[in-house]
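Q:
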DNA sequence: GTGGTCTAGACCACC
DNA sequence: GTGGTCTAGACCACA
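Protein chains in written order, with the working numbering: chain A, 3 to 134; chain B, 3 to 134; chain C, 3 to 134; chain D, 3 to 134.
Right, here's the structure in full:
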C-alpha cells in the first residue's frame with residue numbers, strides 16, 4: 003500500500019508515517035487493529051527495520067498508535083479523530099506548496115488550475131490503463 | 003527574492019538553485035546578466051558562502067550559468083531555453099506530488115480540484131490584503 | 003590505486019573522479035560493486051573526507067555511481083558503457099594537449115612520435131626494473 | 003601566437019609563460035628583443051593586464067626576461083640556452099603525463115602509439131584545411 | 001557504520 | 001573584489 007520514493011529528499015520514515023496515517027484515514031487500518039510487524043513492513047518496503055521502527059516510534063509519540071514490547075503495535079483508539087484533524091492540514095500544506103512553487107515560475111491561478119486538471123486526467127488515464 | 007526554508011528537508015543549496023532558476027524563468031535575471039556574488043547572496047540569505055557556492059557550481063554543471071574565476075557569474079546565454087524545459091517538469095512534479103498526497107487520503111479528483119481552487123482564492127485574498 | 007598529485011593545478015576531487023573512472027574502465031571496480039567508503043578513501047589518500055565526498059557526488063550527478071544514505075556507494079549498472087564513451091574522449095584530450103604542447107616548441111610530427119616512443123620504452127624499462 | 007584555454011584548470015599566467023618560452027625557443031622572440039607591452043599582450047589575449055604582469059614577473063624571476071621600470075621588457079641574453087634546457091623537460095613531462103593517463107585506462111604501448119599517430123594526422127589535416 | 005548537509009575559515013587564482 | 005579548492009569539524013538521516 004505504502005510506496006517509498008528513495009530518490010528524493012523526504013526521509014523514508016516520514017513517508018512511512020504519512021502512509022500509515024493515510025491508511026487509518028482511509029479505514030484500511032482501524033482503531034485497535036494490529037499494525038504489520040516492523041520486520042514484515044520493512045521487508046515489504048525493502049527498507050531497513052530501524053527505519054520502520056523510527057516511524058512507529060514517532061507515530062506513538064504523536065499518539066496515533068500504541069506499542070507494547072513483544073506485542074504487535076495497535077492503531078490508537080482515538081487515531082481517527084487525531085488524523086482527521088491532521089488530514090486537512092497535511093493536504094492543504096502540500097497543495098499550498100505546489101501552488102507557491104508554480105507561482106514562483108510566473109503561473110497565474112487559471113494556469114495552475116489547468117495544469118492540475120490535466121495532471122488529474124493524466125493520472126486517471128494511467129491508472130485505468132494499468133487496471134490496478 | 004529567494005526565500006530559504008530551513009525547517010524542511012529540502013537542502014538549502016537546492017532551494018537556492020530553484021530560486022535562481024525561477025528568477026531566470028521570470029525574466030528577473032536575463033541571459034548574460036551578472037548574478038549576485040556568492041558572498042553577497044550568502045549574506046543576504048544568512049547562509050554560509052560555501053552553500054551558495056555549491057548551488058552556483060551545480061547550476062554551472064547543469065549549464066544554467068557560467069562562472070570564471072575573478073569575474074562575476076553570468077546567466078548562461080541559452081539558460082532561458084534550458085529552464086523553459088525544466089519549468090514544466092518542475093511544476094508538474096510538484097503538482098503530481100500534491101495530487102498523489104491528496105489521493106492517499108482518499109480524495110477524488112473533484113475534491114482535489116475544489117481544494118486547489120479554494121487555496122488559490124485563499125492566497126489571492128491574502129496577497130491582496132497584504133498589498134505587497 | 004589512486005594517486006594524488008597535490009603539486010599541480012588539477013583539483014584533488016578531479017583526480018579522484020578520474021581515478022575511479024579508470025578503475026571502472028579497467029574492471030578493478032565492476033558495476034554494482036561497492037566503492038570504498040568516503041572516510042576510508044579519504045584516509046587512504048590523506049585527504050579531507052569532504053573532498054572525496056565531492057568527487058563521489060559529482061560522479062553520481064554524472065551517472066557513474068549511485069549513492070544512498072547509510073549505504074555504501076555503488077558503481078552504477080551502466081557505468082561501463084558511460085565510461086567507455088568518456089575514455090576515448092579523455093585520452094584523446096590529454097594526448098592532443100601533449101601534442102600541441104610539443105608543437106609549440108617547434109617539433110614536427112615525426113619528432114613527436116620519436117619522443118613518445120622513447121618515453122614509452124623508458125617507462126617500460128623502469129616498470130620492469132621495479133618489478134611491480 | 004599564444005592561445006589561451008580558459009576552460010581548463012591551468013592558470014592563464016602559466017599558459018602565457020609557456021607561450022613566451024615557446025616563442026623564444028622557436029626564434030620568434032630573440033635575445034635582447036623587446037616583448038610586447040603588458041597592456042598590448044593583455045588586449046591581444048583578452049586577458050587582465052595583471053595576469054600578463056604576473057607571467058612577466060615570474061619569467062623575470064626565472065631569468066628568461068629582464069624588465070626595467072618604464073621600459074619594455076627584454077628577452078634575456080641567455081634565454082635561449084635556459085629554454086633549451088627546459089624545453090626537453092617540459093615536453094617529456096607533458097608526454098609522460100599523457101602516456102600515464104592512457105595507461106591508467108588500460109592502453110598498452112602500441113595502442114598509445116596508434117592514438118598518437120592518428121591524432122597527429124588528424125591535426126595536420128585540420129590545420130591544412132584551415133590554411134592558417 | 002554509511003553518505004549528506006552545513007558552517008567556519010584558510011588560501012589561491014584571477015580581475 | 002571575484003569564484004575555486006580544501007580543511008576541520010559538527011550534526012543529521014539512514015542501515
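Note that the Cβ used here is the ideal one computed from N, Cα and C, for glycine as well.
How would you label residue 57 of chain C, buried or exposed, when you count the other beta carbons within 10 angstroms and need 16 or more for buried?
A: Flag for residue 57 of chain C reads buried.
Q: What do you get for residue 107 of chain B, buried or exposed, if any count of 16 or more other CB atoms within 10 angstroms of its CB means buried?
A: Residue 107 of chain B is buried by the Cβ-count criterion.
Q: Looking only at its own chain, which residues have a Cβ that is under 6 Å from the Cβ of residue 47 of chain D, when we skip the five neighbours before and after it?
A: Result list for residue 47 of chain D: 6, in chain order.
Q: So, does the CB of residue 35 of chain B fall closer than 8 Å to a CB anywhere in chain A?
A: So no, residue 35 of chain B is outside the interface.
Q: Kindly list the residues whose CB is nearer than 7 Å to the CB of residue 69 of chain D, restricted to its own chain and excluding five residues on each side of it in sequence; keep chain order.
A: Excluding residues within five positions, the ones whose Cβ falls inside 7 Å are 58, 62, 75.
Q: Quick one: list the residues of chain B neighbouring residue 13 of chain A, beta-carbon separation under 7 Å, in chain order.
A: Neighbours of residue 13 of chain A on chain B, chain order: 11.
Q: Name the residue from C:55, C:98, C:71 whose alpha carbon lies nearest to the alpha carbon of residue 135 of chain D.
A: Because chain D in this structure spans residues 3 to 134, residue 135 of chain D falls outside the shown range and cannot be described.
Q: Could you list the residues in the region 84 to 96 of chain C with a C-beta less than 8 Å from some C-beta on chain D, going in chain order?
A: Here the close residues are 89, 92, 93, 94, 96.
Q: Is the Cβ of residue 32 of chain A closer than 8 Å to any Cβ of chain B?
A: No, residue 32 of chain A lies away from the interface with chain B (no Cβ there is under 8 Å from its Cβ).
Q: With a threshold of 8 Å between beta-carbons, can residue 115 of chain B be considered close to chain A, or not?
A: It does; some Cβ of chain A falls within 8 Å.
Q: Which stretch, first to last residue, makes up the alpha helix (DSSP H) that contains residue 34 of chain D?
A: Unbroken run through residue 34 of chain D: none, as it is neither H nor E.
Q: Determine the closest residue to residue 31 of chain A out of A:77, A:123, A:73, with distance taken between C-alpha atoms.
A: Residue A:77 is the option with its Cα nearest to residue 31 of chain A.
Q: Between which two residues does the alpha helix (DSSP H) containing residue 97 of chain D stretch?
A: Taken as a continuous stretch (DSSP letters only), the alpha helix (DSSP H) holding residue 97 of chain D covers 81 to 106.
Q: Rounding to the nearest angstrom, what Cα-Cα distance links residue 17 of chain B and residue 94 of chain A in this structure?
A: If I take the Cα positions, the gap works out to 21 Å.
Q: Let me see if you follow: with CB-CB separation under 8 Å, is residue 134 of chain A close to chain B or not?
A: With a pLDDT of 46 at residue 134 of chain A, under the threshold of 50, the modelled position of this residue cannot be trusted, and the question is left open.
Q: Is the Cβ of residue 27 of chain B closer than 8 Å to any Cβ of chain A?
A: Judged by the 8 Å Cβ criterion, residue 27 of chain B is in contact with chain A.
Q: Under the criterion of a Cβ to heavy atom distance below 7 Å, does residue 59 of chain C qualify as lining the ligand NAD?
A: Because no ligand of any kind appears in the structure shown, any question about the ligand NAD cannot be addressed here.
Q: Select from D:110, D:117, D:39, D:55 the residue whose C-alpha is nearest the C-alpha of residue 123 of chain C.
A: The shortest Cα separation from residue 123 of chain C among D:110, D:117, D:39, D:55 belongs to D:110.
Q: Taking 8 Å as the threshold (C-beta atoms), are residue 33 of chain D and residue 79 of chain D in contact?
A: Yes, they are a contact pair.
Q: When you compare the CB positions of residue 14 of chain B and residue 53 of chain B, do they come within less than 8 Å of one another, or not?
A: The answer is yes: Cβ separation under 8 Å.
Q: Going by beta carbon distance, what residues of the same chain come within less than 6 Å of residue 43 of chain A, once the five residues before and after it are set aside?
A: These residues qualify, in order along the chain: 54.
Q: In terms of residue numbering, what span does the alpha helix (DSSP H) encompassing residue 5 of chain A cover?
A: Unbroken run through residue 5 of chain A: none, as it is neither H nor E.
Q: Going by beta carbon distance, what residues of the same chain come within less than 8 Å of residue 3 of chain C, once the five residues before and after it are set aside?
A: Taken in chain order, the residues that qualify are 21, 25, 30.
Q: What does the Cβ neighbour count give for residue 116 of chain A, buried or exposed, with the cut at 16 atoms within 10 Å?
A: Residue 116 of chain A is exposed by the Cβ-count criterion.
Q: For residue 1 of chain D, which residues does DSSP report across the bridge?
A: Within the shown structure, residues of chain D are numbered from 3 to 134, placing residue 1 of chain D beyond reach of any answer.
Q: Starting from residue 12 of chain C, trace the alpha helix (DSSP H) in both directions and tell me its first and last residue.
A: That residue, residue 12 of chain C, is in no alpha helix (DSSP H); it is neither H nor E in DSSP.
Q: For residue 111 of chain D, return the contacting residues in chain C, with the cut-off set at a CB-CB distance below 7 Å.
A: Near residue 111 of chain D (Cβ distances below 7 Å), the residues of chain C are 122, 126.
Q: Using the Cβ count rule (16 or more neighbours within 10 Å means buried), how would you classify residue 11 of chain C?
A: Label assigned to residue 11 of chain C: exposed.
Q: Quick one: which chain A residues come within Cβ less than 9 Å of residue 135 of chain B?
A: What the structure shows of chain B is the stretch from 3 to 134, and residue 135 of chain B is not part of that stretch, so it cannot be assessed.
Q: Who are the neighbours of residue 118 of chain D on chain C, taking C-beta pairs under 8 Å?
A: In chain order: 97, 101, 114, 115, 118.
Q: With 8 Å set as the bound, which would you pick, yes or no: does the beta-carbon of residue 108 of chain A sit closer than that to a beta-carbon of chain B?
A: Chain B, which has a Cβ nearer than 8 Å to the Cβ of residue 108 of chain A, makes this yes.
Q: Of all the residues that make up the region 50 to 79 of chain A, which are near chain B by a beta-carbon distance shorter than 9 Å?
A: Answer in chain order: no residues at all.
Q: With DSSP as the reference, label residue 48 of chain A as helix, strand or coil.
A: Coil, per DSSP.
Q: Give the straight-line distance between the Cα atoms of residue 104 of chain D and residue 96 of chain A, rounded to the nearest whole angstrom.
A: Rounded to whole angstroms, residue 104 of chain D to residue 96 of chain A spans 52 Å at the Cα level.
Q: Closest Cβ-Cβ distance between residue 24 of chain A and chain B: below 8 Å?
A: With 8 Å as the cut-off, residue 24 of chain A counts as an interface residue toward chain B.
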